[in-house]
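All remarks here apply to the structure that follows.
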Amino acid sequence: MTGLVLLHGWGCGPEIWRHLASAFGPAPVVVLDAGYFGPRRMLQPDLLPDSLPGTLPENADGWVGVGYSLGFARLLEMGAAWRGLVGVSGFLRFCRQPDTAGGAMAGASPEVLDAMLQRLDSAPEEVLARFHKRCGLRNEICQKPAAEGLARLRRDLLDLRGLDLRDAELRQGPARTLLIHAQDDRIAPPDLAREAQAQLPGSRLELLDTGGHALPVTRSQDCLRLIMGFLHDLG
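Everything in the sequence shown is counted per the numbering used here, starting at -17 for the first residue and increasing by one.
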């Protein structure tokens, strides 16, 4: 049976999958952790200095990576032999960048990330609480990261600022990709999902009317339905 590898996004942890991780029946599920609030658990090739590389168990039917927000880009960067990929509120780039006509493309303002970086060391709980609220995680308990987790949050926020995987040479995607996004996403506008669909051959985009940037929590049943359908289509 095809297995699933779940990776959360910036500013949260594996608890973002609490409504989904146990909902796939007998399918094997591996939940990764970027190490913001606890021990880091990632996969090879993960060459960051503090990484503790691991490997997936043997599975004859292969693995599908399911990445939330930045987690989707991280799974693409791993270059693993994914049988398929699912991006929940995912993107190939995050910040606004000039297009060829000289205008501004959709995305977050780099200045917003700069302000978050400036406040992160002195008031991490405040920065995270405001970010969670904008995502739509209004009832979440904002944990305080330890020193190692704070360093990882800072490093990954810097990575988000310059992230751009639109160049096919910078990513190794599978033949099939499902993108799930919300029309009212205030963190990653749906135009970023449309851009990713255009850049990823064999991808399909499912746009939900509401849910913000917290679909694994706010629209968990719809995510489960779409992911199960994607697994079924993979055979």
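Here a beta-carbon is modelled for each residue, glycine too, at the ideal position from N, C-alpha and C.
Keep in mind it's a predicted model, so treat the numbers as computed, not measured.
Secondary structure of residue i, DSSP reduced to three states
{"i": "Arg56", "result": "helix"}
{"i": "Arg201", "result": "coil"}
{"i": "His214", "result": "helix"}
{"i": "His163", "result": "strand"}
{"i": "Leu14", "result": "coil"}
{"i": "Arg22", "result": "coil"}
{"i": "Gly89", "result": "coil"}
{"i": "Leu2", "result": "coil"}
{"i": "Gly66", "result": "strand"}
{"i": "Asp189", "result": "According to the sequence provided, residue 189 is Leu. The question's Asp does not apply to it. In this structure, Leu189 counts as strand in the three-state DSSP scheme."}
{"i": "Gly84", "result": "Residue placement at Gly84 is flagged as unreliable, the pLDDT there being 45, under the threshold of 50; the coordinate-derived value follows with that caveat. DSSP places Gly84 in coil when its eight states are reduced to three."}
{"i": "Asp28", "result": "Reliability of the predicted coordinates at Asp28 is poor, the pLDDT of 49 falling under 50, and no value is obtained from them."}
Short Cβ contact (8 Å threshold) for residue i with residue j
{"i": "Val11", "j": "Leu(-11)", "result": "no"}
{"i": "Gly(-7)", "j": "Gly20", "result": "no"}
{"i": "Gly131", "j": "Tyr18", "result": "yes"}
{"i": "Ala62", "j": "Asp138", "result": "no"}
{"i": "Arg136", "j": "Leu110", "result": "no"}
{"i": "Ala178", "j": "Gly72", "result": "yes"}
{"i": "Gly211", "j": "Ala164", "result": "no"}
{"i": "Ser51", "j": "Gly118", "result": "no"}
{"i": "Leu206", "j": "Ala5", "result": "yes"}
C-alpha distance - residue i paired with residue j, whole-angstrom precision
{"i": "Leu216", "j": "Val199", "result": "25 Å"}
{"i": "Val70", "j": "Arg201", "result": "11 Å"}
{"i": "Leu67", "j": "Phe76", "result": "19 Å"}
{"i": "Pro156", "j": "Arg65", "result": "6 Å"}
{"i": "Gly44", "j": "Asp96", "result": "40 Å"}
{"i": "Pro183", "j": "Ser104", "result": "43 Å"}
{"i": "Asp141", "j": "Leu213", "result": "30 Å"}
{"i": "Gln203", "j": "Leu2", "result": "8 Å"}
{"i": "Trp(-1)", "j": "Gln79", "result": "31 Å"}
{"i": "Asp166", "j": "Leu147", "result": "23 Å"}
{"i": "Val46", "j": "Leu160", "result": "11 Å"}
{"i": "Gly53", "j": "Leu74", "result": "11 Å"}
{"i": "Thr37", "j": "Leu25", "result": "6 Å"}
{"i": "Leu187", "j": "Glu107", "result": "34 Å"}
{"i": "Arg120", "j": "Leu197", "result": "13 Å"}
{"i": "Gln100", "j": "Val48", "result": "31 Å"}
{"i": "Glu40", "j": "Arg112", "result": "40 Å"}
{"i": "Gln190", "j": "Ala175", "result": "The sequence given here places Leu at residue 190; Gln does not occur at that position. The straight-line gap from Cα to Cα measures roughly 12 Å."}
{"i": "Pro127", "j": "Arg22", "result": "12 Å"}
{"i": "Asp28", "j": "Glu59", "result": "At Asp28, the pLDDT of 49 sits below 50, so the modelled position is not reliable; the number obtained from the coordinates is stated separately. Taking the straight line from one Cα to the other gives about 9 Å."}
According to DSSP, residues forming a beta bridge with residue i
{"i": "Cys218", "result": "Since the displayed the chain opens at -17 and closes at 217, residue 218 lies outside it and no answer follows."}
{"i": "Cys117", "result": "Looking at the DSSP assignment, Cys117 forms no beta bridge with any residue, so it has no partner."}
{"i": "Arg75", "result": "Asp146"}
{"i": "Gly(-15)", "result": "Trp45"}
**Prompt:** Do three or more CB pairs link the segment 86 to 94 to the segment 165 to 180 at distances below 8 Å?
**Reply:** The segment 86 to 94, when compared against the segment 165 to 180, does touch it at the 8 Å Cβ threshold.
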